[in-house]
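*Asks:*
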Amino acid sequence: LPPCKFKEFQLPNESSVQQIIKSLFTKTCSLDPIPTHVLKNHLESLTPLLTDIVKTSLSEGVFPNTLKISHLSPRLKKPGLDKDLFPNFRPIANIAFLSKVLEKTVAVQAQDFLNSNNLYPSFQSAYRKFHSTETASLKVTNDILRTIDNHQDVILVMLDLSSAFDTLDHDILLARLESYFGFSDTVIKWFKSYLTGRSQSVVIGDVVSTLRHLEYGVPYTPCSIYTLHSST
Numbered sequence: 001l002p003p004c005k006f007k008e009f010q011l012p013n014e015s016s017v018q019q020i021i022k023s024l025f026t027k028t029c030s031l032d033p034i035p036t037h038v039l040k041n042h043l044e045s046l047t048p049l050l051t052d053i054v055k056t057s058l059s060e061g062v063f064p065n066t067l068k069i070s071h072l073s074p075r076l077k078k079p080g081l082d083k084d085l086f087p088n089f090r091p092i093a094n095i096a097f098l099s100k101v102l103e104k105t106v107a108v109q110a111q112d113f114l115n116s117n118n119l120y121p122s123f124q125s126a127y128r129k130f131h132s133t134e135t136a137s138l139k140v141t142n143d144i145l146r147t148i149d150n151h152q153d154v155i156l157v158m159l160d161l162s163s164a165f166d167t168l169d170h171d172i173l174l175a176r177l178e179s180y181f182g183f184s185d186t187v188i189k190w191f192k193s194y195l196t197g198r199s200q201s202v203v204i205g206d207v208v209s210t211l212r213h214l215e216y217g218v219p220y221t222p223c224s225i226y227t228l229h230s231s232t
């Protein structure tokens, strides 16, 4: 059982909301009611309203339904790959800017909770500060070299989870957040609200497909779910 519980979010003040907004790229999505650069240029006037929205979402454990829509843009994983092969594309989710503000706010608090309570797996390198593919490679290389130095054989088994975020089971994730990490009450209610009732459409050029409801998976964005999915 986790050593402590993550029951409620710390409600941010206007200064911290401004800081998060300024830290995000000035990128506008077709789902935004106003361009992001206009929002940032009038941030002083809009901050009280934006802060109220964030605080209401966190205190009530509800992610707004209007922010659960995403537009997917297929992008080649690497330059030069064959454009006729679907597996060579990665679906990038474009979401409303306010959704990013909410996700970033939650991400900071969730990561602080995991770090302060040592809840990250010891050898997880993905989606952790000061960790990368390099730290993962160093760990594996060190283990191999030490084993060889001890005159033992080495067998390396590698597993590639294809489309891991697209096939994420919401119920399994929520259950593990409760049992492994101690997420409860308003916090787990917020994550359940964030995961359920989502829909997406595909955008290629000026063509937009009809919305499709998502029963599995999470948007492919730099959000808090990435950290939690990797840890579970």
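Take 1 as the starting number for the sequence shown in UniProt numbering and just add one per residue.
Note that the Cβ used here is the ideal one computed from N, Cα and C, for glycine as well.
Keep in mind it's a predicted model, so treat the numbers as computed, not measured.
Could you tell me the alpha carbon to alpha carbon distance between Lys104 and Lys22, rounded to whole angstroms?
*Replies:* Answer to the nearest angstrom: the Cα atoms are 12 Å apart.
*Asks:* Could you compute how far the alpha carbon of Asn41 sits from the alpha carbon of Thr51?
*Replies:* Going by the C-alpha atoms only, they are around 16 Å apart.
*Asks:* Identify every residue that forms a DSSP beta bridge with residue 242.
*Replies:* An answer regarding residue 242 cannot be provided, because it is not within the stretch 1 to 232 covered by the chain.
*Asks:* Would you kindly check if the distance between the Cβ of Ala96 and the Cβ of Leu39 is under 7 Å?
*Replies:* Not a contact, by the Cβ cut-off of 7 Å.
*Asks:* In the region 133-167, which residue ranges form an unbroken alpha helix (DSSP H) of at least 4 residues, counting only runs that do not cross its ends?
*Replies:* Those alpha helix (DSSP H) runs which fall completely within the region 133-167 and span 4+ residues are 133-149.
*Asks:* Please state whether DSSP places residue 240 in a helix, a strand or coil.
*Replies:* Past the edges of the chain, shown from 1 to 232, lies residue 240, and the structure says nothing about it.
*Asks:* Let's test the definition: count the other Cβ atoms within 10 Å of the Cβ of Ser99 and tell me whether it reaches 16, buried, or not, exposed.
*Replies:* Ser99 comes out buried.
*Asks:* Less than 7 Å separating the beta-carbons of Ser57 and Leu102?
*Replies:* Yes.
*Asks:* According to DSSP, is Phe86 part of a helix, a strand, or is it coil?
*Replies:* Phe86 falls in the helix class under three-state DSSP.
*Asks:* From the DSSP output, in three-state form, read off Ser201 for me.
*Replies:* If DSSP states are grouped into helix, strand and coil, Ser201 belongs with the strands.
*Asks:* Determine the extent of the alpha helix (DSSP H) in which Arg176 is found, giving its start and end residues.
*Replies:* 170-179 is the extent of the alpha helix (DSSP H) around Arg176.
*Asks:* Sorted by chain position, which residues of the same chain lie with C-beta nearer than 7 Å to Met158's C-beta, five sequence neighbours on each side aside?
*Replies:* Same-chain partners within the cutoff: there are none.
*Asks:* Excluding five sequence neighbours on each side, which residues of the same chain lie with their C-beta closer than 6 Å to the C-beta of Phe183?
*Replies:* These residues qualify, in order along the chain: Phe6, Leu177.
*Asks:* Of the choices Tyr127, Phe113, Val218, Thr28, whose alpha-carbon is the least far from that of Phe165?
*Replies:* Cα-wise, what sits closest to Phe165 is Val218.
*Asks:* Name the two residues that bound the continuous alpha helix (DSSP H) containing Val17.
*Replies:* Note, Val17: alpha helix (DSSP H), 14-23.
*Asks:* Would DSSP call Val218 helix, strand or coil?
*Replies:* If DSSP states are grouped into helix, strand and coil, Val218 belongs with coil.
*Asks:* For Leu119, I'd like the list of residues in its chain whose CB is within less than 6 Å of its CB, leaving aside the five on either flank, ordered along the chain.
*Replies:* Excluding positions up to five away in sequence, the list reads Phe181.
*Asks:* For Ser99, report the span of its alpha helix (DSSP H) as first-last.
*Replies:* Element bounds for Ser99: 97-116.
*Asks:* Considering just the uninterrupted stretch of the alpha helix (DSSP H) at Glu60, what are its terminal residues?
*Replies:* Looking at the DSSP string, the run of the alpha helix (DSSP H) that includes Glu60 is 43-60.
*Asks:* Phe191 by DSSP, collapsed to three states: which one?
*Replies:* In this structure, Phe191 counts as helix in the three-state DSSP scheme.
*Asks:* Roughly how many angstroms lie between the CA atoms of Pro91 and Asn150, to the nearest whole one?
*Replies:* Near 45 Å, if we compare the C-alpha coordinates of Asn150 and Pro91.
*Asks:* Restricting to Cα atoms, I'd like to know which of Val202, Leu214, Ile188, Thr196 is closest to Gly61.
*Replies:* The option with the nearest alpha carbon to Gly61 is Ile188.
*Asks:* Assuming contact is defined by CB atoms lying nearer than 7 Å, are Glu8 and Thr47 in contact in what I supplied?
*Replies:* Contact: no.
*Asks:* In angstroms with no decimal places, state the Cα-to-Cα distance between Asn142 and Arg128.
*Replies:* Near 20 Å, if we compare the C-alpha coordinates of Arg128 and Asn142.
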